[in-house]
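Student: Going line by line, the protein sequences match chains A and B.
Heads up: the first sequence begins at 32 in my numbering, then just goes up one per residue.
Heads up: the second sequence begins at 244 in my numbering, then just goes up one per residue.
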Amino acid sequence: DQQVKQNSPSLSVQEGRISILNCDYTNSMFDYFLWYKKYPAEGPTFLISISSIKDKNEDGRFTVFLNKSAKHLSLHIVPSQPGDSAVYFCAATDQTGANNLFFGTGTRLTVIP
Amino acid sequence: DVKVTQSSRYLVKRTGEKVFLECVQDMDHENMFWYRQDPGLGLRLIYFSYDVKMKEKGDIPEGYSVSREKKERFSLILESASTNQTSMYLCAREVGANYGYTFGSGTRLTVV
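Printed below as a string of structure tokens:
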């Protein structure tokens with residue numbers, strides 16, 4: 032049963048515009064959320080995270096928003112650049128023990144020059 | 244900078260072969276993981292290990308086994324490779340609560 036869901040398998044955005052990637056989760060015990068970025072033929076790399084005590088975390092062009100009541104988070108990229116084209120995975124954890132990171136199915140972002 | 248090294252980037256194996264995928268981390272961390280990534284299915288956990296000689300099944304362990312004789316090395320074994328095991332295999336180690344995992348570059352395995 033998928034506890035973390037990314038319902039959009041792909042997204043295309045013009046360069047310079049905002050990219051919004053969405054993620055939903057079902058487990059109310061999750062208290063930390065991460066976004067990973069993956070290029071083809073490479074492993075995922077950590078992008079940004081947010082604790083459940085916050086509703087927003089910003090790092091440069093990347094901002095993650097968390098809506099706990101809706102069990103929803105989103106990643107905003109502004110402005111989008113062609114180098115942002117990759118697969119983005121949302122992940123969640125309850126920070127207890129090993130095997131505690133649950134991944135979504137990924138969204139492939141294409142930024143069109 | 245934490246490094247997780249997977250020995251092969253690309254492998255082609257025949258059906259029925261025994262396949263070893265090697266993963267080495269450069270720090271003395273306990274928790275290591277093997278995932279496979281398939282289009283539309285995301286990252287699925289195969290096995291993980293929280294210490295030497297300790298292993299736990301993940302979500303899709305069938306057809307796989309693992310070995311962890313030393314803390315820095317975690318191997319994934321395909322006992323008898325099948326075509327449905329063609330996939331991208333990713334090894335990871337836990338960095339900590341704030342950053343999740345560090346992944347290796349992946350091994351693209353094709354079973355013919």
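The C-beta atom is built at its ideal place from N, Cα and C for all residues, glycine as well.
Being a predicted model, the structure only gives us computed values, none of them experimental.
#1: Who are the neighbours of L286 of chain B on chain A, taking C-beta pairs under 7 Å?
#2: Can you tell which of A:P75, A:S50, A:I79, A:D115 has the C-alpha that lies nearest to the C-alpha of T136 of chain A?
#3: Evaluate the contact criterion for the region 299-319 of chain B versus the region 263-282 of chain B: three or more CB pairs, one atom per stretch, below 8 Å.
#4: Helix, strand or coil: how does DSSP classify N88 of chain A here?
#5: Determine the burial state of S100 of chain A: buried for a count of at least 16 other Cβ atoms within 10 Å of its Cβ, exposed for fewer.
#6: For the beta strand (DSSP E) containing L319 of chain B, name the first residue and the last one.
#7: Are the CB atoms of E46 of chain A and S207 of chain B within a distance shorter than 8 Å?
#8: Taking only runs that begin and end inside the region 262-309 of chain B, name each unbroken beta strand (DSSP E) of 3 or more residues, in chain order.
#9: For S41 of chain A, does the count of other Cβ atoms within 10 angstroms reach 16, so buried, or fall short, so exposed?
#10: Quick check on I81 of chain A: buried or exposed, where buried means 16 or more other Cβ atoms within 10 Å of its Cβ?
#11: For Y70 of chain A, is the classification buried or exposed, using 16 other Cβ atoms within 10 angstroms of its Cβ as the cut-off for buried?
#12: Whole angstroms is fine: what's the gap from K261 of chain B's alpha carbon to A324 of chain B's?
#13: Count the other C-beta atoms from every protein chain shown that fall within 10 angstroms of the C-beta of S59 of chain A, then say buried if there are 16 or more, exposed otherwise.
#14: Any C-beta of chain B within less than 8 Å: which residues of the region 71-89 of chain A qualify?
#15: Just curious, the beta strand (DSSP E) that S82 of chain A is in, first and last residue?
#16: Using a beta-carbon distance below 8 Å, is S348 of chain B in contact with chain A?
#17: DSSP three-state call for P45 of chain A: helix, strand or coil?
#18: Report the three-state DSSP secondary structure of N327 of chain B (helix, strand or coil).
#19: Please state if the CB of Y278 of chain B and the CB of L333 of chain B are separated by a distance shorter than 8 Å.
#20: Could you spell out where the beta strand (DSSP E) holding R257 of chain B opens and where it closes?
#21: Tell me whether the beta-carbon of L284 of chain B lies closer than 8 Å to the beta-carbon of F276 of chain B.
#22: Can you name the start and end residues of the beta strand (DSSP E) that G349 of chain B belongs to?
#23: Which residues of chain A have a Cβ atom closer than 8 Å to the Cβ of Q343 of chain B, listed in chain order?
Tutor: The answer reads as follows:
#1: Within the second sequence, numbered from 1, the residue matching residue 286 of chain B stands at position 43. What L286 of chain B touches in chain A: F120, F134.
#2: Here residue 136 of chain A refers to the residue found at position 105 when the first sequence is read from its first residue. Of A:P75, A:S50, A:I79, A:D115, the residue nearest in Cα terms is A:P75.
#3: yes
#4: Indexing the first sequence from 1 puts residue 88 of chain A at position 57. N88 of chain A falls in the strand class under three-state DSSP.
#5: Residue mapping note: residue 100 of chain A aligns to position 69 of the first sequence, counting from 1. Classification of S100 of chain A: exposed, given that the 10 Å Cβ count is below 16.
#6: Locating residue 319 of chain B in the second sequence gives position 76, counting from the first residue. Its beta strand (DSSP E) spans residues 316-321.
#7: Residue coverage of chain B in this structure runs from 244 to 355, which leaves residue 207 of chain B outside it and unanswerable.
#8: 262-264, 266-268, 275-281, 285-294, 297-300
#9: For the purposes of this step, residue 41 of chain A is identified with residue 10 of the first sequence, where counting begins at 1. Burial call: exposed.
#10: Position 50 of the first sequence, counted from the first residue, corresponds to residue 81 of chain A. I81 of chain A comes out buried.
#11: Here residue 70 of chain A is taken as the residue at index 39 of the first sequence, counted from 1. By the 10 Å Cβ count, Y70 of chain A comes out exposed.
#12: By 1-based counting over the second sequence, the position of residue 261 of chain B is 18. By 1-based counting over the second sequence, the position of residue 324 of chain B is 81. Taking the straight line joining both Cα atoms gives about 6 Å.
#13: The residue given as residue 59 of chain A occupies position 28 in the first sequence. The residue is exposed, with fewer than 16 neighbouring Cβ atoms inside 10 Å.
#14: A72, E73, G74, P75, T76, F77, S80
#15: Residue numbering aside, residue 82 of chain A sits at position 51 when the first sequence is read from its first letter. Run containing S82 of chain A: 76-82, per the beta strand (DSSP E) assignment.
#16: As a working note, residue 348 of chain B is residue 105 in the second sequence. It does; some Cβ of chain A falls within 8 Å.
#17: Within the first sequence, numbered from 1, the residue matching residue 45 of chain A stands at position 14. Residue identity differs from the one stated: residue 45 of chain A is Gln in this sequence, not Pro. Reduced to three states, the DSSP call for Q45 of chain A is strand.
#18: Here residue 327 of chain B is taken as the residue at index 84 of the second sequence, counted from 1. Helix, per DSSP.
#19: Here residue 333 of chain B refers to the residue found at position 90 when the second sequence is read from its first residue. Here residue 278 of chain B refers to the residue found at position 35 when the second sequence is read from its first residue. For L333 of chain B and Y278 of chain B, yes; Cβs fall inside 8 Å.
#20: Residue numbering aside, residue 257 of chain B sits at position 14 when the second sequence is read from its first letter. Unbroken run through R257 of chain B: none, as it is neither H nor E.
#21: Here residue 284 of chain B is taken as the residue at index 41 of the second sequence, counted from 1. Here residue 276 of chain B is taken as the residue at index 33 of the second sequence, counted from 1. For L284 of chain B and F276 of chain B, no; Cβs fall outside 8 Å.
#22: Here the question's residue 349 of chain B lines up with position 106 in the second sequence. Note, G349 of chain B: premise wrong, no beta strand (DSSP E); not H, not E.
#23: For the purposes of this step, residue 343 of chain B is taken as residue 100 along the second sequence, with counting starting at 1. The amino acid at residue 343 of chain B is misidentified as Gln; the sequence shows Gly. Ordered by position in chain A, the residues that pass the 8 Å Cβ test against G343 of chain B are L65, Y67, F77, S80, A122, T124, L132.
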